[in-house]
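J.: My questions all concern the structure below.
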Ligand code: NDP
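See below:
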């Protein structure tokens with residue numbers, strides 16, 4: 003953002019003297035150049051004015067006749083009207099999934115199911131640009147992330163689980179493990195297509211059929227995926243997509259003919275779902291929030307660590323359940339790390355999500371922007387020091403400048419609550435024991451990072467940090483073969499890898 007020196011921004015601390023000097027030196031050396039705009043064309047995507055529900059292999063309006071709008075969060079432009087499912091539609095979707103499970107998908111040999119999954123994976127690759135552009139428009143995330151992360155990983159999940167479909171006997175769940183039946187799957191808005199892939203691919207590989215409820219603000223890529231299911235000639239009813247708000251998710255979860263519930267989203271809704279299905283015998287996996295510690299020791303390779311910190315919290319505008327939102331840095335290098343981090347943040351580019359140079363896109367919704375704004379104001383009010391690089395925010399749409407809080411104590415709300423935005427809280431520690439105590443001082447337990455050159459210290463930390471995933475000298479790395487999930491208020495159950503199959507088998 004060094005090149006966008008307008009007012010805007012939310013800096014209340016100003017640039018550090020060292021960063022300021024570095025920038026002046028760059029200008030003097032004639033190196034302070036601007037990127038030319040490099041927008042990806044929207045032409046590859048055709049957004050219909052209206053979308054129906056996807057039930058039994060067909061798109062159809064909701065029985066209620068009601069619709070809601072999905073908007074581009076970068077411009078507030080309405081994109082399309084989306085059918086709002088009612089309980090009658092959910093009944094139809096679950097019934098279609100039940101018939102497909104009993105008559106087609108359940109009895110089908112795994113090797114045959116695999117062919118459909120491979121086909122879906124290949125179509126995702128073939129149509130990857132279309133998906134990347136659509137996801138950026140509907141979600142607000144930068145095209146370089148949808149293009150290089152979301153879409154390739156979604157395809158990789160289908161490829162990976164296609165490989166398991168005919169090998170379930172050898173997956174460690176006993177001979178001929180059986181599918182559970184109909185899976186009700188509710189997903190959030192932060193990785194719309196990827197979360198759909200995380201849910202659908204293992205469920206289908208294991209022989210289940212699905213009713214998927216995408217988030218209200220980001221339904222378009224799930225609906226395009228439904229089109230891909232048609233293109234792949236997936237038998238009708240194997241995948242059904244019902245769109246709408248939280249009440250539609252609640253209806254899917256509570257439906258008596260749903261056998262398995264998989265949810266990713268807030269801890270609050272996760273708890274409501276657990277209550278709703280308690281005593282029903284439905285299988286449940288919950289992937290909820292997080293407040294991860296990213297721990298930097300004084301012997302860490304600092305250049306890489308800075309990149310890891312930036313990737314940890316500013317990737318996807320910080321809308322990441324496993325985001326490294328608490329930076330724990332060893333006191334002896336704290337000033338140096340914060341200083342270098344600020345310099346790095348001044349080079350990030352915020353703006354048009356479809357521009358290939360953009361690092362930080364739009365916040366997904368007005369509601370989420372309000373939440374980030376409120377929690378950041380609480381950080382200042384509680385005495386932490388707030389800093390953002392100079393940065394012009396676009397006039398329309400939902401935007402929040404990357405923000406770093408220093409002088410944060412463990413009792414501050416910004417150190418305890420999930421902000422789910424581009425806001426980093428910096429805390430310090432002196433000894434490894436103190437780092438572990440502070441890292442674990444959270445009700446969550448989804449992920450953590452550790453930066454040090456000592457392998458023994460990585461193992462020592464990984465054994466002690468209560469987190470489902472611990473990254474060492476890297477952050478936010480995902481692979482379909484690697485299980486992902488949390489402890490405590492971050493939920494339970496694992497997605498990805500062999501473990502992810504277990505959640506969809508009657509074991
Ligand atoms: P929610 O948990 O409300 O939404 C996740 C999904 O659940 C959406 O599809 C939502 O529908 C649906 N849903 C909402 N209420 C119910 C219900 N009672 N029963 C079944 N499904 C339901 O997250 P929000 O989008 O409201 O975000 C709020 C906060 O949650 C964020 O600020 C963030 O802190 C956290 N969050 C965490 C995520 C994670 O990956 N860990 C992902 C998203 C949010 P609809 O979209 O229509 O409301």
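Residue numbers (the working numbering): 3 to 509. Glycine included, C-beta positions come from ideal geometry on N, C-alpha and C.
With a cut-off of 7 Å, does the C-beta of residue 224 fall near any C-beta of chain D?
T.: Absence of chain D from the displayed structure is noted, only one protein chain being present.
J.: Out of 427, 382, 380, 351, point me to the one whose CA is closest to residue 393's CA.
T.: Comparing Cα-Cα distances from residue 393 to each of 427, 382, 380, 351, the minimum goes to 351.
J.: So, helix, strand or coil for residue 296, using DSSP?
T.: Correct three-state label for residue 296: strand.
J.: Check whether the Cβ of residue 218 sits closer than 6 Å to any heavy atom of the ligand NDP, and report yes or no.
T.: True, at least one ligand heavy atom lies under 6 Å from that Cβ.
J.: Is it the case that the CB of residue 268 approaches a heavy atom of the ligand NDP more closely than 6 Å?
T.: Residue 268: yes, Cβ under 6 Å from the ligand NDP.
J.: Give me, in chain order, the residues of the same chain whose beta-carbon lies closer than 7 Å to that of residue 502; leave out the 5 immediate sequence neighbours on both sides.
T.: Result list for residue 502: 204, 485, 496, in chain order.
J.: Under a Cβ-count criterion, where at least 16 other Cβ atoms within 10 Å of its own Cβ denotes burial, should residue 36 be classed as buried or exposed?
T.: Label assigned to residue 36: exposed.
J.: According to the neighbour-count rule (16 or more other Cβ atoms, all chains shown, within 10 Å of its Cβ), is residue 411 buried or exposed?
T.: It is exposed - the Cβ of residue 411 has fewer than 16 other Cβ atoms within 10 Å.
J.: Give, in chain order, every unbroken run of the alpha helix (DSSP H) that is at least 4 residues long and sits entirely within the segment 293-344.
T.: List check, alpha helix (DSSP H) in window: 304-316.
J.: For the putative contact between residue 405 and residue 378, defined by C-beta atoms under 8 Å, what is the C-beta separation to the nearest angstrom?
T.: With a Cβ gap of about 6 Å, residue 405 and residue 378 count as contacting.
J.: When burial is assigned at 16 or more other CB atoms within 10 Å of the CB, is residue 280 buried or exposed?
T.: Exposed, since its Cβ has fewer than 16 Cβ neighbours within 10 Å.
J.: Drop a sphere of 10 angstroms on the beta-carbon of residue 461, count the other beta-carbons inside from all chains shown, and report buried for 16 or more, exposed for fewer.
T.: It is exposed - the Cβ of residue 461 has fewer than 16 other Cβ atoms within 10 Å.
J.: Following a CB-centred definition, is residue 323 positioned closer than 6 Å to any heavy atom of the ligand NDP?
T.: Yes, the Cβ of residue 323 comes within 6 Å of a heavy atom of the ligand NDP.
J.: Given the structure, does residue 443 come close to the ligand NDP, in the sense that its CB is under 6 Å from one of the ligand's heavy atoms?
T.: Residue 443 Cβ: outside cutoff for every heavy atom of the ligand NDP.
J.: Measure the CB-CB distance between residue 506 and residue 208 and report whether it falls below 7 Å.
T.: Yes.
J.: So, helix, strand or coil for residue 281, using DSSP?
T.: Residue state, collapsed to three classes: coil.
J.: Between the C-alpha atoms of residue 11 and residue 433, what's the straight-line distance to the nearest angstrom?
T.: Unreliable placement is indicated for residue 11, whose pLDDT of 36 sits below 50; the coordinate value is still reported in the next sentence. Rounded to whole angstroms, residue 11 to residue 433 spans 35 Å at the Cα level.
J.: Compare the C-alpha of residue 166 against each of 133, 152, 206, 146 and name the closest.
T.: Nearest C-alpha to residue 166: 206.
J.: Taking three-plus beta-carbon pairs below 8 Å as touching, is the segment 127-135 in contact with the segment 177-191?
T.: Too few Cβ pairs lie closer than 8 Å, so no.
J.: For residue 333, is the classification buried or exposed, using 16 other Cβ atoms within 10 angstroms of its Cβ as the cut-off for buried?
T.: Exposed is the call here.
J.: Quick check on this structure: which residue in 219, 255, 256 has the alpha carbon closest to the alpha carbon of residue 247?
T.: That would be 219, whose Cα lies nearest to the Cα of residue 247.
J.: CA-CA distance, residue 421 and residue 104?
T.: Approximately 43 Å between the Cα atoms of the pair.
J.: For residue 73, collect the residues of the same chain with a Cβ closer than 7 Å to its Cβ; drop the 5 residues on either side in sequence, then sort them by chain order.
T.: Result list for residue 73: 79, 80, 81, in chain order.
J.: For the segment 247-262 against the segment 471-479, are there 3 or more C-beta pairs whose distance is under 8 Å?
T.: Taking 8 Å as the limit for Cβ pairs, the verdict is that the segment 471-479 does not touch the segment 247-262.
J.: Looking at the ligand NDP, does it come within less than 6 Å of residue 192, judged from the CB to the closest heavy atom?
T.: Within the cutoff, so yes.
J.: Got a sec? Which residues, its chain only, sit under 7 Å from residue 100 by beta carbon, not counting five neighbours each side?
T.: Once the five neighbours on either side are set aside, the close Cβ partners of residue 100 are 184, 259.
J.: Can you confirm whether the segment 109-126 touches the segment 143-151 when touching is taken to mean that 3 or more C-beta pairs between the two stretches lie within less than 8 Å?
T.: With the cut-off at 8 Å, the segment 143-151 and the segment 109-126 do not touch.
J.: Between residue 419 and the ligand NDP, is there a pair consisting of the residue's CB and a ligand heavy atom that are separated by less than 6 Å?
T.: The answer is no for residue 419.
J.: Quick one: using the 10 Å Cβ neighbour count with 16 as the cut-off for buried, is residue 327 buried or exposed?
T.: Buried, by the Cβ-count rule.
J.: Name the one or two DSSP bridge partners that residue 419 has.
T.: According to DSSP, residue 419 bridges with nothing at all.
J.: For residue 60, does the count of other Cβ atoms within 10 angstroms reach 16, so buried, or fall short, so exposed?
T.: So residue 60 ends up on the exposed side.
J.: Residue 189 and residue 198 - do their beta-carbons sit closer together than 7 Å?
T.: A contact, by the Cβ cut-off of 7 Å.
J.: Nearest by alpha-carbon distance to residue 500: which of 217, 267, 163, 85 is it?
T.: Per the Cα distances, 163.
J.: Answer yes if the segment 336-350 comes into contact with the segment 370-385, meaning at least three C-beta pairs across the two stretches below 8 Å, and no otherwise.
T.: No, the segment 370-385 is not in contact with the segment 336-350.
J.: Flag residue 142 as yes when its Cβ comes closer than 6 Å to any non-hydrogen atom of the ligand NDP, and as no otherwise.
T.: No.
J.: Sorted by chain position, which residues of the same chain lie with C-beta nearer than 7 Å to residue 108's C-beta, five sequence neighbours on each side aside?
T.: Excluding sequence neighbours, residue 108 sits near 181, 209.
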